[in-house]
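This report concerns only the one structure given below.
Protein chains: 2
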Amino acid sequence: MKLVKNNAGRFVPTEVNGQKQIPFKGIDKFKPTGSKAKPLIRTCIDYPKNGNKIVKDLKTALKKAGLKDGMTISTHHHLRNGDIVTNILFDTIKEMKVKNIRWFPSASFPVHEHLIKYLEDGTIHHIEGSMNGPLGKFTSEGKMKGVGVLRSHGGRYQAIQDGEVHIDIAVIAAPASDSFGNANGVQGKSACGGLGFALADSEYADKVIVVTDNLVPFPCVPWQIQGNNVDYVVQVDSLGDPSKIVSGTTEITKSPDRLLIAKYIAEFMEAAGIVKNGFSFQAGAGGISLAFIPFLKEKMKALGVKARFVRGGSTKYLVELLKEGLTDYILDGQTFDLEGVRSMRENTSHIMTSPFTSYNFHGKGNFASIVDAAILGATEVDINFNANVVTHSDGYLLHGIGGWQNCLYSKCTILAVPSFRDRIPVIVDEVTTLCGPGELIDVIITERGIAINPLRKDLIKAVKNSSLPIRSIKEIQKEVYEICGGAPQKPKVDKNKVVAIVKWVDGTVLDSVYRVI
Amino acid sequence: MKLVKNNAGRFVPTEVNGQKQIPFKGIDKFKPTGSKAKPLIRTCIDYPKNGNKIVKDLKTALKKAGLKDGMTISTHHHLRNGDIVTNILFDTIKEMKVKNIRWFPSASFPVHEHLIKYLEDGTIHHIEGSMNGPLGKFTSEGKMKGVGVLRSHGGRYQAIQDGEVHIDIAVIAAPASDSFGNANGVQGKSACGGLGFALADSEYADKVIVVTDNLVPFPCVPWQIQGNNVDYVVQVDSLGDPSKIVSGTTEITKSPDRLLIAKYIAEFMEAAGIVKNGFSFQAGAGGISLAFIPFLKEKMKALGVKARFVRGGSTKYLVELLKEGLTDYILDGQTFDLEGVRSMRENTSHIMTSPFTSYNFHGKGNFASIVDAAILGATEVDINFNANVVTHSDGYLLHGIGGWQNCLYSKCTILAVPSFRDRIPVIVDEVTTLCGPGELIDVIITERGIAINPLRKDLIKAVKNSSLPIRSIKEIQKEVYEICGGAPQKPKVDKNKVVAIVKWVDGTVLDSVYRVI
């Protein structure tokens, strides 16, 4: 495998799994040429006139879809760790004796540890998609046949749209569907919220199979997935374990350090002048992100300020903002708890968004850069404000990128991180894996102080007279190294063996993940 | 121009405006090959990061969009006869001295008579889209430089999707829009309901310009048109005359003959067993279609029957069904009156549909064939159940196809027509222009009796014991000819001079419209 140094100074392969790759060229430097992928023209002649696309079972659907060796099969991760559809899907593929599948999930979870045997026996050739937990570890150990490809949510849409990844068969688990294939995620016992991560799959895959445990009479409304893009509908008893699909409740951290970080975020946003009428922010479902919302809410109330929109991953904390009239809209990419699902189902101001609207970098703009502030996490940050979200300091690949890279385009990107975890410093000299270039990261907030990127002179000026603990990133790092006994150990990896690549939002290759030895 | 006889026995050109054409091959006989149109890949780099795409005026937007001679410019007809945007658009194009535009509206209205001067002076080369009234007459007289191309709503989506018509610049008049280009038709002083007819344009045009008289802060919700497909936003004082965009009220016919037809429709549907729990129907906004709804409603109440969905063109009569719990949903393609607009804005069970979901024949099925009964009109029907909706018996092209052809795929297609108009028989030996082949038309209902297509033995059997005036089509025709003094005069047309073609839903050419002499 030939590696070249890209514009971020990282070594990346020029070819992966037989596909040519473009090394990262710098932020906003790579301009795509050419046309989008062009799905085949279909005709109503080939589909049942009465709209009923139900077939007996998943195996029948896969047969009709022409499943064969080497195909690309996509799934979505809206069922999270409660998903059993993907496991049954690969049990079925194995039973059909089909080999060398490229599995293209929007993400995988610990529940998919079940698939390791199929990675081992050649049913699955490799995974393109984030690998949370066991599959990431498996990959890190160099056991996967092909090379993993990690993309952001927006990057996944971009890759499908641009024809970089052609999906042969998309399998879409749907908490509600009619026999025509109109489907949504807000109704039924397996309700998970929006189904936006399956949108590109439904639009561009050759064959689309909807699997549901809740068949409703036509029309299934809302149709987050449009039946006009669907080939077959399969009815099953259950999509998975509802308690693991969404949380019953999401609880805020009780850690004093993390609560302090959360408080700093709200204070920083106020001091920087971000918290004003009509503003917007995005917060994920991580502990600190959740904890910051109540602090921000108090400020909004005190200032008499209303947001125009807030972006989720939605939880009950965002839903409360909407219910209390503190925001006009929730623009939701992913729904994390029961309150979020209920709100999306019942409240017309709780809007499902998709990676197309929110994150696709190869569109005519997207929502991410319109957001006033994004509050994100990281596994590591470095003294140049670069950040890592996929590997730990020991080199293991344990997380996906999610919408993280896409959100870096917000007007003020704040990474909220504890300064160390398990006595391992989070602020390092150089991140193990580069996922976000420092020039897009504006502020790093830790319990020991707030570091503002020197590029953001406006922010530095805005908070100059505040009582916030503004410090240089190196100063914070030094303090942490003293506490932890120095820099983390370098990961032991084989720099000749790339096990996965990290794509940037424009489809270029930002960094490599290496085999852990 | 070379004409060949197609499968319906009609003479059609093999080439139109320099584009090769496929003659009609029969119902469900033409299978498309190849891939959909492939729009260029865009990048956020080329669009404002803050999402603000507003430019000074329409001229600036057209300049930036690269307007030049010979381009294809599309518009939609949701503003109906109140539209001034299209007229201003062509005033601007004229001012910019650009020539030979192919104008590709989803329909044109009498208000667009303003454009005849541009057809005469070469600003517009020809029109592809329905031409209601003056532009149709102009075309019939052989005055248009190119040949008109008439398509159904579904056929228009199909033509764009399949790459048969490439739109250079789409101009989308939007009653509400944000600066990013998210737009809808349900809010503001020019509210017109859904904007579904502009969907394909927004997805496939090279450049998309949204023109609005109601700029709202991001996000404009619902986004019937997605800003991620939009290049420029132009603010104007007014999109047109609200009183002509939608009717204040739609009134039911008072004609005894037409009321009798309306009553027969409801009775026929009951007798045929269509009116049962979970059924569906589509009715347009024509006089008889409207009048039939109250009759049907009484039957539904008497039978204790609820529809699963009804399809519009919506009016207050459909809205009443929804409000009274007689249907679960309105699936609405076009909104005709203020009550319809209000209902779509406020009632989450009043759903906007698009030509993609409802009518596109080159999708994986569509909604039209799922509908239990469609009640449609016609300018002429013939003794073989063929029908015409675009020309009159004098040969003049005065109407568009609309969704009419697409709706013929319903499970029971009923044409409701007076047996004569202005003493001219509506039932003829052979229609002047073939728009719908008889094998898809199941029932013709007139005030003088109901004719069932002999192909539909099931329907004949179902209503055998009813008291309905079931008669043969020839018997009804004979009676009408006696009243009117025989068959209508043959239109005086030049069969060597095709002024427009009628496309079938699959893109093939069904018939020709000739110059009136």
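The listed protein sequences correspond, in order, to chains A and B. If you read the first sequence in this note's numbering, its first letter stands for residue 642, the second for the next number, and so on. If you read the second sequence in this note's numbering, its first letter stands for residue 642, the second for the next number, and so on. Every residue, glycine too, gets a C-beta built ideally from N, C-alpha and C.
Between the CA atoms of residue j and residue i - distance to the nearest angstrom
i: B/Ala649; j: B/Ile866; result: 38 Å
i: B/Glu656; j: B/Thr701; result: 36 Å
i: B/Asp1070; j: B/Val653; result: 20 Å
i: A/Pro816; j: A/Val877; result: 11 Å
i: B/Asp710; j: B/Asp732; result: 15 Å
i: B/His719; j: B/Ile801; result: 18 Å
i: A/Lys677; j: A/Arg797; result: 14 Å
i: A/Val862; j: B/Tyr958; result: 22 Å
i: A/Met910; j: A/Asp1013; result: 10 Å
i: B/Gly1006; j: B/His766; result: 35 Å
i: B/His755; j: A/Glu1080; result: 54 Å
i: B/Gly667; j: B/Leu1151; result: 9 Å
i: A/Asn658; j: A/Ala748; result: 19 Å
i: B/Leu901; j: B/Glu1088; result: 6 Å
i: A/Arg949; j: A/Ala1009; result: 15 Å
i: A/Val1143; j: A/Lys735; result: 29 Å
i: A/Ser781; j: A/Ala841; result: 28 Å
i: A/Asp854; j: A/Ser818; result: 8 Å
i: B/Leu776; j: B/Val1031; result: 13 Å
Near the ligand FAD: residue i beta-carbon under 8 Å from a heavy atom
i: A/Glu908; result: As far as ligands go, the structure on display features none, and thus does not contain the ligand FAD.
Buried versus exposed, by CB contacts within 10 Å (16 or more), residue i
i: A/Cys1084; result: It is worth fixing the name first, because residue 1084 of chain A is Val in this sequence and not Cys. A/Val1084 should be labelled buried.
i: A/Ser1113; result: exposed
i: A/Leu944; result: exposed
i: A/Met785; result: buried
i: B/Lys1119; result: exposed
i: B/Met642; result: exposed
i: B/Lys694; result: buried
i: A/Leu681; result: exposed
i: A/Asp762; result: exposed
i: A/Lys738; result: exposed
i: A/Asn823; result: buried
i: A/Ile742; result: buried
i: B/Val1154; result: buried
i: B/Arg1064; result: exposed
i: A/Gly787; result: buried
Using a beta-carbon distance cut-off of less than 9 Å, what residues from the segment 864 to 884 of chain B approach chain A? Taking 9 Å as the upper bound on Cβ-Cβ separation, chain A lies near residues Trp864, Gln867, Gly868, Asn869, Asn870, Val871 and Asp872 of the segment 864 to 884 of chain B.
Does the count of Cβ pairs from the segment 864 to 884 of chain B and the segment 718 to 734 of chain B closer than 8 Å reach three? The segment 864 to 884 of chain B, when compared against the segment 718 to 734 of chain B, does touch it at the 8 Å Cβ threshold.
Would you be able to state if there are at least three C-beta pairs under 8 Å between the segment 845 to 853 of chain B and the segment 812 to 823 of chain B? Taking a cut-off of 8 Å on C-beta distances, the segment 812 to 823 of chain B touches the segment 845 to 853 of chain B, as three or more cross pairs fall below it.
Going residue by residue through the segment 998 to 1070 of chain B, where are the continuous alpha helix (DSSP H) segments of at least 4 residues, counting only ones entirely within it? Runs found: 1045 to 1048.
Short of 8 Å Cβ to Cβ, which residues in the segment 986 to 1008 of chain A face chain B? For the segment 986 to 1008 of chain A, residues whose beta-carbon sits nearer than 8 Å to a beta-carbon of chain B comprise Thr989, Ser990, Ile992, Phe997, Thr998, Asn1001, Phe1002, His1003, Gly1004, Lys1005, Gly1006, Asn1007 and Phe1008.
Going along the segment 670 to 687 of chain A in order, which residues come within less than 9 Å of chain B, judged by CB to CB distance? The segment 670 to 687 of chain A vs chain B, Cβ under 9 Å: Lys670, Phe671, Lys672, Pro673, Thr674, Gly675, Ser676, Lys677, Ala678, Lys679, Pro680, Leu681, Ile682, Arg683, Thr684, Cys685, Ile686 and Asp687.
Fully enclosed by the segment 933 to 990 of chain B, which alpha helix (DSSP H) runs are 4 residues long or longer? DSSP assignment within the segment 933 to 990 of chain B yields the following whole alpha helix (DSSP H) runs of 4 residues or more, N-terminal first: 957 to 964 and 979 to 987.
Where in the segment 654 to 727 of chain B do unbroken runs of the alpha helix (DSSP H), each at least 4 residues long, occur, reported from the N-terminal end onward? The qualifying runs are 699 to 705.
Count Cβ pairs between the segment 1088 to 1097 of chain A and the segment 1032 to 1050 of chain A that sit closer than 8 Å; are there 3 or more? The segment 1088 to 1097 of chain A vs the segment 1032 to 1050 of chain A: no contact.
Which residues, taken in chain order from the segment 948 to 961 of chain A, show a beta carbon closer than 8 Å to some beta carbon of chain B? The residues in question are Arg949 and Phe950.
Count the CB pairs spanning the segment 828 to 839 of chain A and the segment 962 to 971 of chain A that are closer than 8 Å, and state whether there are at least three. In short, these stretches do not touch, since the Cβ pair count stays below three.
Chain A contacts made by the segment 909 to 922 of chain B, where a contact means CB separation under 7 Å: Going along the segment 909 to 922 of chain B in chain order, one finds Gly919 with a Cβ nearer than 7 Å to chain A.
Would you check if there are 3 or more beta carbon pairs closer than 8 Å linking the segment 946 to 956 of chain A to the segment 911 to 925 of chain A? A contact exists between the segment 946 to 956 of chain A and the segment 911 to 925 of chain A.
Just to confirm the assignment: which complete beta strand (DSSP E) runs, minimum length 3, are found wholly within the segment 770 to 794 of chain A? Secondary structure in the segment 770 to 794 of chain A: the beta strand (DSSP E) runs of 3 residues or longer, each lying completely within the stretch, are 789 to 791 in chain order.
Against chain B, which members of the segment 966 to 979 of chain A pass a CB distance test of less than 9 Å? Residues Asp969, Tyr970 and Leu972.
Please identify, using Cβ separations under 8 Å, the residues of the segment 691 to 704 of chain B that lie next to chain A, in order along the chain. Identification of residues in the segment 691 to 704 of chain B having a C-beta nearer than 8 Å to some C-beta of chain A yields Asn691, Gly692 and Lys694, given in sequence order.
Chain A contacts from the segment 799 to 827 of chain B (Cβ-Cβ distance under 7 Å): With the criterion set as a beta carbon lying under 7 Å from some beta carbon of chain A, the members of the segment 799 to 827 of chain B are Asp803 and Phe821, in sequence order.
Any alpha helix (DSSP H) of 4 or more consecutive residues that is wholly inside the segment 732 to 774 of chain B: Counting only runs of 4 or more, we get 757 to 761.
Does the contact criterion of 3 or more C-beta pairs under 8 Å hold for the segment 1029 to 1045 of chain A versus the segment 1132 to 1139 of chain A? Yes, they touch.
Using a Cβ-Cβ cut-off of less than 9 Å, give me the residues of the segment 1009 to 1028 of chain B that come near chain A, in sequence order. For the segment 1009 to 1028 of chain B, the beta-carbon criterion of a distance under 9 Å to any beta-carbon of chain A is satisfied by Ala1009, Ser1010 and Ile1011.
Curious, which full-length beta strand (DSSP E) runs of at least 3 residues does the segment 1112 to 1151 of chain B contain? With a minimum length of 3 residues, the unbroken runs of beta strand (DSSP E) contained wholly in the segment 1112 to 1151 of chain B fall at 1134 to 1144.
Could you name the residues of the segment 1026 to 1057 of chain B whose beta carbon sits closer than 9 Å to any beta carbon of chain A, in the order they occur along the chain? Listed by position, the residues of the segment 1026 to 1057 of chain B near chain A (Cβ gap below 9 Å) are Tyr1050 and Lys1052.
Across the segment 927 to 936 of chain B and the segment 887 to 900 of chain B, are there enough close Cβ pairs to call them in contact, namely three or more that are closer than 8 Å? Because the criterion of three Cβ pairs below 8 Å is met, the segment 927 to 936 of chain B and the segment 887 to 900 of chain B touch.
Give, in chain order, every residue of the segment 848 to 862 of chain B whose Cβ lies closer than 7 Å to some Cβ of chain A. Pro858, Phe859, Pro860 and Val862: these are the residues of the segment 848 to 862 of chain B whose beta carbon lies less than 7 Å from some beta carbon of chain A, given in chain order.
With 7 Å as the limit, tell me which residues of the segment 1088 to 1100 of chain B have their beta carbon closer than that to any beta carbon of chain A; keep them in chain order. Flagged: no residues at all.
Give the residues from the segment 1130 to 1153 of chain B that approach chain A closer than 9 Å (Cβ to any Cβ), ordered along the chain. Of all residues in the segment 1130 to 1153 of chain B, only Val1146 and Asp1147 place a beta-carbon less than 9 Å from a beta-carbon of chain A.
Starting from the N-terminal side, write out each stretch of the beta strand (DSSP E) that is 3 residues or longer and does not extend beyond the segment 825 to 861 of chain A. Taking 3 residues as the shortest admissible run, the segment 825 to 861 of chain A contains the following complete beta strand (DSSP E) segments, listed from N- to C-terminal end: 848 to 853.
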